[in-house]
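Participant: With full-length UniProt numbering, letter number 28 in the sequence shown gets 28, and the count goes up by one each step, no holes.
Heads up, the beta-carbon is just placed ideally off N, CA and C, and yes, glycines get one too.
Note that this is a predicted model, so its numbers are computed, not measured.
Here it is, the structure in full.
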Amino acid sequence: MSEVRWWPATQGDVFSLRIRELRTEQLGRRLDILIAGCGRGGGIDLERVETRITGIDEDLPVLRAALEHRADLDARFLGDLRDAPLLPRTFDVVHAAFLLERLRHTELVLDRMVNALRPGGLLLIRMRDRASAYGFCDRLLPGWCRALLWPRFAPAGAVGPLPAIYEQVASREGIHSYCLMRGLMIAEDYSGTSGPALRGPHARLVRVACKVVARLSGDRLPATRDEITLVIRKPQNHFARLI
């Protein structure tokens, strides 16, 4: 894995930069982009880049309501992402931001998204790390408790609460293993801290709770990071693998 760039945090908007580089590689043609998890909001700076953007997400009331305010999608699908209408080799970029940790059958959904990527395309992932103190607390709390605490702890405007499933692939070890088995190349790997409750009105209390969990776990569940950001490339050659 010596080719992977390991940085402690993103330097600027790395996703936008990689998409612009891909556009240059494609001689400036239009890029077809899939936003997986579009209901959560947020996006990528694509100014002066010609794109066609498709959004997919689960059909949950809170996500459906949030999507009403998005005007940047050319097409959208809400429902079971295993059934999303994703044709093979349709997209140049798949952007999945904080989606994987809230899905069941995550690897099946990932397989569909990877299959929809053209050779040489980019899979851009941001996800909450199940192997962090924040991720541990998030998945430990029962749904009713998360629903009760969300309005008090989340920052204004945050979409949620969303499911906290955290299958094994929602970790650095899990996603690296997935990419190795599928012949995908991880080009960049970053760590960060961005949990919603760490940006809310009781952020200090949440930080203390995460530090307690980290200490009790012998720092196996670190409190200093909870986010994984990955730039993954689908090789032009299906049989190419990163050794």
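Put Y166 into one of helix, strand or coil per three-state DSSP.
Facilitator: Residue state, collapsed to three classes: coil.
Participant: So who's on the other strand from S191, going by DSSP bridges?
Facilitator: Bridge partners of S191: I228.
Participant: D92 by DSSP, collapsed to three states: which one?
Facilitator: The answer is strand: DSSP assigns D92 an E or B state.
Participant: Let me make sure I understand the geometry here. Which of N115, D226, T54 has the alpha-carbon closest to that of A197?
Facilitator: Closest option to A197, Cα to Cα, is D226.
Participant: Go through the UniProt domain "Methyltransferase type 12" (36-123) residue by residue and report every complete run of the alpha helix (DSSP H) that reaches 4 residues or more, in order.
Facilitator: Counting only runs of 4 or more, we get 61-67, 106-115.
Participant: For I33, tell me which candidate among E50, D13, L67, Y166 has the shortest Cα-Cα distance.
Facilitator: The shortest C-alpha separation from I33 is found at E50.
Participant: S2 by DSSP, collapsed to three states: which one?
Facilitator: Its pLDDT being 35, under 50, S2 is placed unreliably by the model, and the measurement read from it follows with that caveat. In this structure, S2 counts as coil in the three-state DSSP scheme.
Participant: What did DSSP end up calling R130 once you bin it into helix, strand or coil?
Facilitator: R130: coil per DSSP, three-state reduction.
Participant: For the alpha helix (DSSP H) holding A203, just list the boundary residues, first then last.
Facilitator: Start and end: 203-216.
Participant: Check whether chain D comes within 7 Å of R225, counting only Cβ atoms and requiring the distance to be less than that.
Facilitator: The structure shown contains no chain D; it is built from a single protein chain.
Participant: Using beta-carbon positions only, say whether Q26 and P119 come within less than 7 Å of one another.
Facilitator: Cβ distance not < 7 Å, so Q26 and P119 don't count as in contact.
Participant: Does the distance from the CB of A170 to the CB of R233 come in under 7 Å?
Facilitator: No.
Participant: At which residues does the alpha helix (DSSP H) containing L27 begin and terminate?
Facilitator: From DSSP, L27 is part of no alpha helix (DSSP H); its letter is neither H nor E.
Participant: Take D45 and list the residues in its own chain whose beta-carbon comes closer than 8 Å to its own, dropping the five residues that flank it on each side.
Facilitator: Around D45: D13, S16.
Participant: Do A36 and L99 have their CB atoms nearer than 7 Å?
Facilitator: In this structure, L99 lies closer than 7 Å to A36 by Cβ.
Participant: Would a C-beta distance cut-off of 7 Å place L81 and V62 closer than the cut-off?
Facilitator: Cβ distance not < 7 Å, so L81 and V62 don't count as in contact.
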